[in-house]
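In the numbering used here, the protein residues as written are 741 to 947.
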């Protein structure tokens with residue numbers, strides 16, 4: 741059985757930074773945390789687990805069902821209009837010929853599935869969104885249980901995800917075309933760094 745390859749979505753497959761930033765900067769302003777509503781501060785939250793880091797800096801029990809319902813609708817809307825990262829489809833299709841692929845995201849599962857359907861991307865065996873868990877460690881391990889004794893790779897564009905991949909027991913792979921800079925990704929010490937989506941076509945030769 742081939743080893744599983746897990747992908748993050750935002751920044752790796754979906755070019756979603758602008759609508760993500762718009763939504764969360766407005767949320768933070770409403771919560772009185774305008775100081776976090778900058779590109780630099782929001783990206784810094786992804787040096788750890790986004791939701792955990794956010795809860796440390798924005799206290800209060802604000803992530804309630806009503807908020808999540810509104811957030812879900814907003815994410816559905818902007819992911820329906822979100823373009824894919826250029827050339828990433830070719831790499832996904834190539835890897836899917838020989839490896840089981842999974843999508844592991846902090847986005848809403850329904851929003852992720854809507855994006856994939858819109859872009860005719862049907863190579864993933866399953867989509868594990870925030871409803872499964874806020875922790876990517878738990879989601880990665882749930883996939884690993886389906887592929888015992890096989891190495892598992894997780895490809896992401898944020899250093900926090902790379903740390904979670906390593907803690908889960910997966911091999912972290914950095915996608916340097918996404919949200920975090922190459923320098924930030926290097927600090928997380930990934931096993932591999934892919935600089936462009938076209939390198940996905942040759943990634944399996946390094947596994």
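Glycine is no exception: its CB is placed at the ideal position from the N, C-alpha and C atoms.
Every value quoted in this text rests on a predicted model; they were computed, and no experiment measured them.
For residue i, the residue or residues it bridges with in DSSP
{"i": "residue 754", "result": "750, 824"}
{"i": "residue 933", "result": "914"}
{"i": "residue 844", "result": "868"}
{"i": "residue 861", "result": "Residue 861 pairs with nothing; no bridge assigned."}
Euclidean distance between Cα positions of residue i and residue j
{"i": "residue 817", "j": "residue 807", "result": "15 Å"}
{"i": "residue 900", "j": "residue 890", "result": "23 Å"}
{"i": "residue 839", "j": "residue 907", "result": "22 Å"}
{"i": "residue 916", "j": "residue 802", "result": "33 Å"}
{"i": "residue 877", "j": "residue 904", "result": "5 Å"}
{"i": "residue 952", "j": "residue 786", "result": "Residue 952 cannot be examined here, being either before or after the span of the chain that is shown, 741 to 947."}
{"i": "residue 881", "j": "residue 763", "result": "30 Å"}
{"i": "residue 746", "j": "residue 875", "result": "15 Å"}
{"i": "residue 856", "j": "residue 831", "result": "15 Å"}
{"i": "residue 898", "j": "residue 761", "result": "15 Å"}
{"i": "residue 771", "j": "residue 822", "result": "26 Å"}
{"i": "residue 782", "j": "residue 755", "result": "16 Å"}
{"i": "residue 945", "j": "residue 792", "result": "35 Å"}
{"i": "residue 843", "j": "residue 769", "result": "30 Å"}
{"i": "residue 775", "j": "residue 888", "result": "44 Å"}
{"i": "residue 939", "j": "residue 829", "result": "12 Å"}
{"i": "residue 923", "j": "residue 934", "result": "13 Å"}
{"i": "residue 858", "j": "residue 820", "result": "7 Å"}
{"i": "residue 779", "j": "residue 805", "result": "27 Å"}
{"i": "residue 825", "j": "residue 837", "result": "20 Å"}
{"i": "residue 784", "j": "residue 921", "result": "11 Å"}
Reduced DSSP secondary structure (H/G/I, E/B, other) of residue i
{"i": "residue 880", "result": "helix"}
Closer than 8 Å to chain C by CB, residue i
{"i": "residue 937", "result": "Absent from the structure: chain C. Only one protein chain is present."}
Close beta carbons around residue i, own chain, < 7 Å, minus the five adjacent residues each side
{"i": "residue 931", "result": "911, 912, 913"}
{"i": "residue 869", "result": "845, 847, 848, 849, 852"}
{"i": "residue 765", "result": "777"}
{"i": "residue 815", "result": "847, 848, 851"}
Contact set for residue i: own chain, Cβ-Cβ below 8 Å, skip 5 residues either direction
{"i": "residue 757", "result": "750, 751, 919"}
{"i": "residue 872", "result": "849, 878, 879, 882"}
{"i": "residue 773", "result": "797, 798"}
{"i": "residue 1034", "result": "The structure shown does not extend to residue 1034, since the chain is modelled only from 741 through 947, so no value can be given for it."}
Spatial neighbours of residue i in its chain, beta-carbon cut-off 6 Å, leaving aside the 5 residues before and after
{"i": "residue 790", "result": "846"}
{"i": "residue 893", "result": "745, 911, 913"}
{"i": "residue 827", "result": "937, 938"}
{"i": "residue 834", "result": "941"}
*alpha helix (DSSP H) runs wholly inside the stretch 889 to 917, at least 4 long, in chain order*: Those alpha helix (DSSP H) runs which fall completely within the stretch 889 to 917 and span 4+ residues are 899 to 908.
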